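To start, the structure itself, in structure tokens.
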Amino acid sequence: MGFFDKLKAGLQKTKEVLLAPIDNLFSSYDKVDDDFYEELCDLLIMADVGAGSSQEIVEKLKAVLKEKKIKETSAARNEFIEILKETVGNGEPLNIGSELSVILVIGVNGVGKTTSIGKISANLKKDGKKVMLAAADTFRAAAIDQLEIWANRSNVPLIRQGEGADPAAVVFDALSAAKKQGIDVLIVDTAGRLHNKKNLLDELAKINRVIDRELPNGSRETLLVLDASTGQNALIQAKEFRKAANISGIVLTKLDGTAKGGIILSIKRELGIPVKYIGVGESIDDLQPFNAEQFVQAFFDTKNGVK
Ligand SMILES: Nc1nc2c(ncn2[C@@H]2O[C@H](COP(=O)(O)OP(=O)(O)OP(=O)(O)O)[C@@H](O)[C@H]2O)c(=O)[nH]1
Ligand SMILES: [Mg+2]
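Per this note's numbering, the very first residue in the sequence shown carries number 1060; after that it's consecutive.
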């Protein structure tokens, strides 16, 4: 199965709670009216789109339909699809320069940081980049071993120290090794769980200071990994991490099998950060750069039925 088919299959549950009721709504009304808009807004909110974003989508639809003098729900549906496309925003490419670039990967435990790093390495390697990984999640020995498995899988070097080592020191080592070996992209795995939240945010700040010092002009990317199945909670996590890091992109994982994929419609508005990758499964090719056009197409492709 190609990525598009996996995406389509993965979005199935979200379609059941978001698309199917909305399609029912569009077909149960001939013409749009206030009740229609109100019901549409409720359906969006129930599908984890978030109250603010849901209202904004409905207001935009109202404005467009008024401007184009559209009253029939059949024509309104096409305008609705266009608005959703706008709302998810465009994917943006990774900020990778011609010199050594660093991708710092952050997020709470279990969201899919290490797995995503493995998949991004494989992606970048396919594009001809020389990739290196840094195991800066030193909180658990198993975390380091897990990253090593991914490093071996995509055949890229890994810089590691022992469990409990200072993560900033691991990053320092990795930066020196990467410079010596002419690496294009160094990807840094970080801990998602520490003794407390303050430690975690302080540690990230320290890692950032090391990168600032050792690679002042290098291209930087800080990817926050969010688990789509946590729905609106993911936004709360994002707001916390923002306090410690300048997040440049979101990796939205686990869109497969969740009914809460509607979260993707509130990320741009609530965070103003582009979604750069989406994940739809556990294997190496299940993470791809985000493409809004493809996403919306997969979402509305009902050739094989919504259910
Ligand atoms: N279904 C599905 N599972 C995923 C996806 N991405 C990651 N996972 C799974 O989620 C689990 C956690 O992934 P990890 O990569 O270990 O998460 P982490 O953020 O590194 O976790 P910590 O190291 O504990 O902070 C693993 O079982 C992954 O296989 C995805 O897109 N879809
Ligand atoms: Mg991990």
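Ideal Cβ placement from N, Cα and C applies to all residues, glycine included.
Here the structure is a predicted model, which is why all the values come from computation and not from measurement.
For ligand 2, is there any heavy atom lying closer than 7 Å to the beta carbon of residue i?
i       : result
Gly1251 : yes
Gln1205 : yes
Ala1202 : yes
Asp1248 : yes
Lys1172 : yes
Asp1286 : no
Asp1196 : yes
In the DSSP assignment, find the unbroken beta strand (DSSP E) run with residue i in it and report its ends.
i       : result
Lys1238 : Careful: Lys1238 lies outside any beta strand (DSSP E), inside the alpha helix (DSSP H) at 1226-1239.
Gly1338 : 1334-1338
Glu1280 : 1279-1286
Gly1308 : 1308-1312
Val1269 : Per DSSP, Val1269 belongs to no beta strand (DSSP E); it is in the alpha helix (DSSP H), 1256-1273.
Leu1346 : 1346-1348
Leu1066 : Counting along the chain, Leu1066 falls outside any beta strand (DSSP E), though it belongs to the alpha helix (DSSP H) covering 1062-1069.
Asp1248 : 1244-1249
Val1215 : No beta strand (DSSP E) holds Val1215; DSSP gives it neither H nor E.
Does the distance between the C-beta of residue i and the nearest non-hydrogen atom of ligand 1 fall short of 7 Å?
i       : result
Lys1369 : The structure shown does not extend to residue 1369, since the chain is modelled only from 1060 through 1366, so no value can be given for it.
Asp1344 : no
Lys1238 : no
Gly1316 : yes
Ser1175 : yes
Val1334 : no
Val1229 : no
Thr1168 : Checking the displayed sequence, the identity of residue 1168 turns out to be Asn instead of Thr. Flag set: Cβ of Asn1168 near ligand 1.
Gly1340 : yes
Thr1312 : yes
Nearest-angstrom Cα distance between residue i and residue j?
i       : j       : result
Gly1289 : Lys1265 : First, the amino acid is wrong: residue 1289 is Thr here, not Gly. The straight-line gap from Cα to Cα measures roughly 28 Å.
Glu1098 : Glu1131 : 16 Å
Ser1112 : Arg1219 : 42 Å
Glu1273 : Leu1234 : 7 Å
Thr1174 : Arg1268 : 25 Å
Phe1349 : Lys1239 : 32 Å
Val1365 : Ser1087 : Summary for Val1365: the model assigns pLDDT 42, below 50, so the residue's position carries little reliability, and this model does not support an answer.
Glu1118 : Glu1126 : 12 Å
Ala1293 : Met1105 : 16 Å
Asp1012 : Leu1103 : A question about residue 1012 goes unanswered here, because the residues of the chain that appear run from 1060 up to 1366.
Glu1075 : Ala1318 : 7 Å
Phe1231 : Asn1168 : 23 Å
Lys1298 : Gly1241 : 35 Å
Asn1258 : Ala1303 : 11 Å
What residue range does the alpha helix (DSSP H) around residue i cover?
i       : result
Ser1325 : 1323-1330
Thr1173 : 1172-1185
Ile1162 : Note, Ile1162: premise wrong, no alpha helix (DSSP H); beta strand (DSSP E) at 1160-1165.
Gln1353 : 1351-1359
Ala1304 : Careful: Ala1304 lies outside any alpha helix (DSSP H) and carries neither H nor E.
Ile1208 : 1200-1212
At a cut-off of 7 Å, is residue i close to ligand 3 when judged by its beta-carbon and the heavy atoms of the ligand?
i       : result
Thr1281 : Ligand 3 is absent from the structure shown, which contains only ligand 1 and ligand 2.
Taking 6 Å as the limit between beta carbons, can you name the residues of its chain near residue i, skipping five residues before and five after?
i       : result
Leu1153 : Glu1280
If you drop the 5 nearest sequence neighbours on each side, which residues of the same chain put their C-beta closer than 8 Å to that of residue i?
i       : result
Gly1367 : Coverage of the chain is limited to positions 1060 through 1366, which leaves residue 1367 absent and any answer about it impossible.
Phe1062 : Val1339, Asp1344, Asp1345, Gln1347
Ala1135 : Phe1085, Val1091, Leu1120, Leu1124, Ile1129
For residue i, collect the residues of the same chain with a Cβ closer than 7 Å to its Cβ; drop the 5 residues on either side in sequence, then sort them by chain order.
i       : result
Gly1320 : Leu1070, Thr1073, Ala1287, Leu1314
Asp1345 : Lys1065, Lys1178, Gly1338, Val1339
Lys1184 : Val1190, Ser1213, Val1215
Jot down the residue ranges of each uninterrupted alpha helix (DSSP H) in the stretch 1072-1148, minimum 4 residues, whole runs only, in chain order.
1079-1087, 1093-1105, 1110-1126, 1132-1147
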